[in-house]
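Here the protein sequences come in this chain order: A and B.
All residue numbers for the first sequence refer to the working numbering, where the first residue is 3 and numbers rise by one.
All residue numbers for the second sequence refer to the working numbering, where the first residue is 16 and numbers rise by one.
Ideal Cβ placement from N, Cα and C applies to all residues, glycine included.
If you're wondering where the values come from, they're calculated on a predicted model, not measured in any experiment.
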Amino acid sequence: MYMPDPGFVRGTLLRRGQLARRGAALLVAGLVAVALGLSGVLVAVVNPVLIIGGLVAVYAGVDRLVWAARRRRLDLLLGLASAWLVLLVGAAILAPVLPLGEHEDVAATITDPIFLEPFTYGDHPLGTNGAGLDMLARVIYGARASLTIAVMAVTIGLVVGSAIGIIAGFYRRKVDTVIGIFTNALLAVPPLILLIVLATVLDPKVRNMAIALSLLTIPTMVRLARANTIAYSQREFVLAARALGATKGRIMVRELLPNVLPPMLSMAVVVMSALIVAEASLSFLGLGIQPPSPTWGNMILEAEANDTMTEHPFILLVPGTVLFLTVYSVNLLGERAQQRWDPRGAKL
Amino acid sequence: MSTEVASTTQAPPVLEVVDLETRFHTARGVVRAVDGVSLSLRAGETLGLVGESGSGKSVLGRTLMGLIATGGTTEVSGTVRIAGQAVHELSGRQRRKLWGPKIAMVFQDPMTSLNPVRPIGVHLTDPLRLHLGLSRRAAKERAVELLDRVGIPDPRRRLEQYPHELSGGMRQRVMIAVALSCDPEILIADEPTTALDVTVQKQILDLLGSLARERQMATVLISHDLGAVEGRTDRVVVMYAGRAVETAPTTELFAAPHHPYAEALIGSVPALDAPPHTVLRAIDGTPPDMANPPVGCRYAPRCNRAQDLCRDQMPLLLDTSPGRSVACHFPVSVALPDVPEVPDGANEKETV
Ligand SMILES: Nc1ncnc2c1ncn2[C@@H]1O[C@H](COP(=O)(O)OP(=O)(O)O)[C@@H](O)[C@H]1O
Ligand SMILES: [Mg+2]
Numbered sequence: 003m004y005m006p007d008p009g010f011v012r013g014t015l016l017r018r019g020q021l022a023r024r025g026a027a028l029l030v031a032g033l034v035a036v037a038l039g040l041s042g043v044l045v046a047v048v049n050p051v052l053i054i055g056g057l058v059a060v061y062a063g064v065d066r067l068v069w070a071a072r073r074r075r076l077d078l079l080l081g082l083a084s085a086w087l088v089l090l091v092g093a094a095i096l097a098p099v100l101p102l103g104e105h106e107d108v109a110a111t112i113t114d115p116i117f118l119e120p121f122t123y124g125d126h127p128l129g130t131n132g133a134g135l136d137m138l139a140r141v142i143y144g145a146r147a148s149l150t151i152a153v154m155a156v157t158i159g160l161v162v163g164s165a166i167g168i169i170a171g172f173y174r175r176k177v178d179t180v181i182g183i184f185t186n187a188l189l190a191v192p193p194l195i196l197l198i199v200l201a202t203v204l205d206p207k208v209r210n211m212a213i214a215l216s217l218l219t220i221p222t223m224v225r226l227a228r229a230n231t232i233a234y235s236q237r238e239f240v241l242a243a244r245a246l247g248a249t250k251g252r253i254m255v256r257e258l259l260p261n262v263l264p265p266m267l268s269m270a271v272v273v274m275s276a277l278i279v280a281e282a283s284l285s286f287l288g289l290g291i292q293p294p295s296p297t298w299g300n301m302i303l304e305a306e307a308n309d310t311m312t313e314h315p316f317i318l319l320v321p322g323t324v325l326f327l328t329v330y331s332v333n334l335l336g337e338r339a340q341q342r343w344d345p346r347g348a349k350l
Numbered sequence: 016m017s018t019e020v021a022s023t024t025q026a027p028p029v030l031e032v033v034d035l036e037t038r039f040h041t042a043r044g045v046v047r048a049v050d051g052v053s054l055s056l057r058a059g060e061t062l063g064l065v066g067e068s069g070s071g072k073s074v075l076g077r078t079l080m081g082l083i084a085t086g087g088t089t090e091v092s093g094t095v096r097i098a099g100q101a102v103h104e105l106s107g108r109q110r111r112k113l114w115g116p117k118i119a120m121v122f123q124d125p126m127t128s129l130n131p132v133r134p135i136g137v138h139l140t141d142p143l144r145l146h147l148g149l150s151r152r153a154a155k156e157r158a159v160e161l162l163d164r165v166g167i168p169d170p171r172r173r174l175e176q177y178p179h180e181l182s183g184g185m186r187q188r189v190m191i192a193v194a195l196s197c198d199p200e201i202l203i204a205d206e207p208t209t210a211l212d213v214t215v216q217k218q219i220l221d222l223l224g225s226l227a228r229e230r231q232m233a234t235v236l237i238s239h240d241l242g243a244v245e246g247r248t249d250r251v252v253v254m255y256a257g258r259a260v261e262t263a264p265t266t267e268l269f270a271a272p273h274h275p276y277a278e279a280l281i282g283s284v285p286a287l288d289a290p291p292h293t294v295l296r297a298i299d300g301t302p303p304d305m306a307n308p309p310v311g312c313r314y315a316p317r318c319n320r321a322q323d324l325c326r327d328q329m330p331l332l333l334d335t336s337p338g339r340s341v342a343c344h345f346p347v348s349v350a351l352p353d354v355p356e357v358p359d360g361a362n363e364k365e366t367v
């Protein structure tokens with residue numbers, strides 16, 4: 003994509019200092035505009051214009067600052083994706099000190115409007131649900147549970163899956179057969195039944211939910227790691243490493259793991275979004291965070307009740323959009339990271 | 016070359032292979048990839064190992080390193096001594112200690128023998144730190160020296176680069192540097208130039224030659240191409256279907272091959288002074304199925320000198336002159352010696 007040098011203004015090249023100052027000014031102006039738009043003090047129609055215009059100004063300002071400092075253009079998508087994740091994680095961490103509406107205490111919201119549409123610029127920017135709970139607060143508090151559980155479960159899946167998969171693929175023979183039996187058995191049990199069994203034996207704690215959900219990801223991860231390990235084990239560099247005295251452990255960790263991990267990380271991002279939804283079914287089974295306490299999964303399931311989906315689609319759209327943006331951002335970040343750091347990426 | 020050979024003849028061999036056999040038990044039957052090969056190599060000596068593809072050269076090279084050993088469906092018998100140690104009687108741990116400082120290997124395809132996701136530098140520093148216990152910094156300095164020695168420009172910058180950023184020839188130079196990192200006494204180069212451009216081939220072979228000379232390193236140069244071996248080796252072992260069919264000093268072999276297969280191979284090497292478009296003599300037929308080799312001489316089905324005896328009895332490798340031997344009932348331009356003391360020599364005596 004062609005982007006002209008932002009340092010060129012009416013045919014003259016600005017000095018770095020000037021460019022940086024203009025960038026900073028744009029950034030501040032943009033932030034003020036966005037804040038005004040969000041606070042809703044002005045006439046309703048002006049607000050969206052202020053917010054969008056403000057964001058554009060923020061982007062232009064940051065772009066100039068980056069160019070002044072590093073001589074590199076801003077990657078718009080990457081910038082937006084990172085901004086979204088920073089915003090989300092930051093809000094999730096700071097949730098208790100943010101001026102948010104009520105997110106779970108139904109008794110406190112008896113007098114509040116229910117099914118209030120989003121973007122009404124009152125106390126509830128993203129509306130309220132059927133119990134009058136504030137959707138924005140629920141999305142942010144939900145992020146705490148959902149992201150923690152999903153990240154933990156995927157990490158467990160990655161670590162355990164790559165270890166077992168690499169061992170199976172490297173040793174083959176009996177080890178592989180035994181591991182194959184276990185992973186296939188795990189795959190053969192329907193996930194719902196597996197979760198019901200776990201729900202009866204485990205306490206509903208974040209850690210236990212992460213473990214339960216990681217069981218769903220492990221077989222896939224094992225298979226992926228095993229298949230790639232088998233493929234890479236035949237490559238001559240493994241033999242070359244052996245011919246220089248590398249032990250089996252060293253070969254698995256230093257030669258095979260760095261080759262096997264990148265596709266597993268791409269997989270992990272996809273799996274993570276599925277887990278956020280699966281976490282909701284855990285709540286449904288009683289092993290999980292119980293409604294009305296918010297998780298993204300719980301929020302999505304709320305839409306299933308009666309006619310909610312048809313009459314108040316935003317109940318699904320709000321958590322759905324947030325989930326989509328998050329998964330998309332993580333995906334994009336992973337992709338860019340691979341382009342930048344995976345030495346094989348350059349060849350593709 | 017001859018003076019060097021003379022000066023090293025008294026030294027004990029650094030590599031001694033006696034009656035080595037490598038068998039793979041496969042679904043199709045037992046593949047005798049290496050079928051009774053003996054050879055020895057002294058410090059500073061270069062041995063060429065030639066034969067068509069599939070004749071068992073790589074398996075021999077890997078077996079004599081101990082990379083292929085008895086286990087699973089593989090069976091190895093015979094002895095290999097590296098620096099006096101019987102490789103196939105060592106524990107895995109003791110064997111790993113040989114790999115790098117005593118014996119090292121350069122592989123055929125530099126595209127796949129370097130790990131694509133690890134930088135060049137790590138390939139070199141790993142064995143240095145493992146075997147010589149060098150510190151990170153010392154290993155790095157040594158890696159720079161090694162890359163410089165194998166003719167890689169700007170070696171310090173290369174350490175950070177990944178294999179795909181280098182050309183094939185450069186990668187093979189890196190592989191050579193990696194193999195030489197722990198200063199091995201024996202280097203096995205398994206078709207080190209087969210995957211490279213013709214112009215680069217000569218450079219790599221010359222580099223290997225000069226490195227072997229300056230380090231007094233014993234070298235086994237494996238190739239399917241006799242041309243790569245001529246003028247660069249002291250002796251040549253010609254392999255056919257897992258067996259050594261002829262061993263000879265290189266100059267003598269090229270002057271007068273005794274085995275019909277060796278003769279045919281030499282005939283298929285394009286002569287440098289030949290006029291363009293000279294028809295090369297190709298060897299008719301294909302190598303035998305190693306899981307089901309013919310009885311008698313394995314080359315008999317393709318040999319123009321074959322007689323009934325060849326199809327019945329396997330010829331043994333017999334000395335024809337000091338340092339030369341051939342496994343053929345009716346060798347080219349030489350008479351077989353009378354050998355009454357060969358254990359089951361009854362067959363051989365009839366053939367003389
Ligand atoms: N692991 C193995 N299992 C079964 N057969 C093998 C194995 N490795 C090599 N072979 C067989 O051994 C023979 C010799 O192979 P190789 O040493 O690679 O030949 P070369 O290097 O001379 O081209 C071939 O017929 C090959 O199919
Ligand atoms: Mg080979």
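Neighbours of LEU145 of chain B in chain A, taken as residues whose beta carbon is under 7 angstroms from its own, are GLY247 in chain order. Per DSSP, reduced to three states, the secondary structure at THR113 of chain A is coil, with no helix or strand assignment. The three-state reading of DSSP puts THR37 of chain B in strand, counting E and B together. Among the bridge pairs identified by DSSP, SER55 of chain B is matched with B:GLU31.
The beta carbon of HIS40 of chain B sits closer than 6 angstroms to those of THR88, all from its chain and outside the five residues before and after it, given in chain order.
In the structure shown, the three-state DSSP call for GLY224 of chain B is helix. Remark: three or more beta-carbon pairs, one from each stretch, lie closer than 8 angstroms, so the segment 107-127 of chain B and the segment 138-148 of chain B are flagged as touching. Between the segment 61-68 of chain A and the segment 92-110 of chain A, the count of C-beta pairs closer than 8 angstroms stays below three; the two stretches do not touch. Closest in C-alpha terms to GLU31 of chain B, from the list B:VAL260, B:VAL46, B:SER55 and B:ARG43, comes B:SER55. Following the DSSP letters along the chain, one finds GLU278 of chain B in no beta strand (DSSP E) but inside the alpha helix (DSSP H) bounded by residues 275-282.
Within 7 angstroms of the C-beta of VAL91 of chain B there is not a single heavy atom belonging to ligand 1.
In terms of side-chain proximity, the C-beta atom of SER238 of chain B is found no nearer than 7 angstroms to any non-hydrogen atom of ligand 2. Within the DSSP secondary-structure output, THR130 of chain A pairs in a beta bridge with A:ASP136. Residues close to ligand 1 by the beta carbon criterion (under 6 angstroms to any non-hydrogen atom) are, from first to last along the chain, B:PHE39, B:THR41, B:VAL46, B:ALA48, B:GLY66, B:SER68, B:GLY69, B:SER70, B:GLY71, B:LYS72, B:SER73, B:VAL74 and B:MET305. Take the alpha-carbon of PRO134 of chain B and the one of VAL191 of chain A: they are about 43 angstroms apart. The beta-carbon separation of LEU62 of chain B and VAL252 of chain B, rounded to 6 angstroms, stays under the 8 angstroms limit for a contact.
Annotation for LEU211 of chain B: PRO125, GLY183, GLY184, GLN187 and ILE219 place their beta carbon closer than 8 angstroms to its own, counting only its chain and skipping 5 residues before and after. Annotation: Cβ neighbours of MET80 of chain B in chain A (cutoff 8 angstroms, chain order): ALA245.
For ligand 2, no non-hydrogen atom lies closer than 7 angstroms to the CB of GLN236 of chain A. Using beta-carbon distances, ARG164 of chain B does not count as an interface residue toward chain A, since no partner is under 8 angstroms.
For GLN123 of chain B, the distance from the CB to the nearest heavy atom of ligand 2 is below 7 angstroms.
At a cut-off of 8 angstroms between beta-carbon atoms, GLY184 of chain B makes no contact with chain A. ARG18 of chain A and ARG24 of chain A have their C-alpha atoms spaced approximately 10 angstroms apart. Contacts with chain A at 8 angstroms (Cβ-Cβ) do not include VAL189 of chain B. For ARG110 of chain B, the closest C-alpha among the options A:ARG73, A:VAL279, A:ALA245 and A:GLY182 is that of A:ALA245. Around the beta carbon of THR248 of chain B, 16 or more other beta carbons lie within 10 angstroms, which makes this residue buried. Within the segment 256-283 of chain A, contact with chain B at the beta-carbon level (separation under 7 angstroms) is assigned to GLU257, PRO260 and ASN261.
Against chain B, the CB of PHE239 of chain A has a partner CB under 8 angstroms away; the residue lies at that interface.
In terms of CA proximity to ALA306 of chain B, B:GLY69 leads the group B:GLY69, B:ALA350, B:PRO28 and B:VAL52. With contact defined as three or more Cβ pairs closer than 8 angstroms, the segment 325-344 of chain A and the segment 42-58 of chain B are not in contact. For ILE83 of chain B, the secondary structure class from DSSP, reduced to helix, strand or coil, is coil.
By a beta-carbon distance limit of 8 angstroms, THR234 of chain B does not contact ALA259 of chain B. Their separation comes to about 18 angstroms. Counting along the chain, the unbroken alpha helix (DSSP H) around MET301 of chain A starts and ends at 298-304.
For ALA242 of chain A, the residues of chain B that pass the 8 angstroms Cβ criterion are MET120, PHE122, SER128, LEU129, MET190 and VAL193, in the order they occur in the chain. Straight across, the Cα-Cα distance linking LEU332 of chain B with ALA256 of chain B is about 14 angstroms. Contact check for SER340 of chain B against THR262 of chain B passes: the beta carbons are separated by less than 8 angstroms.
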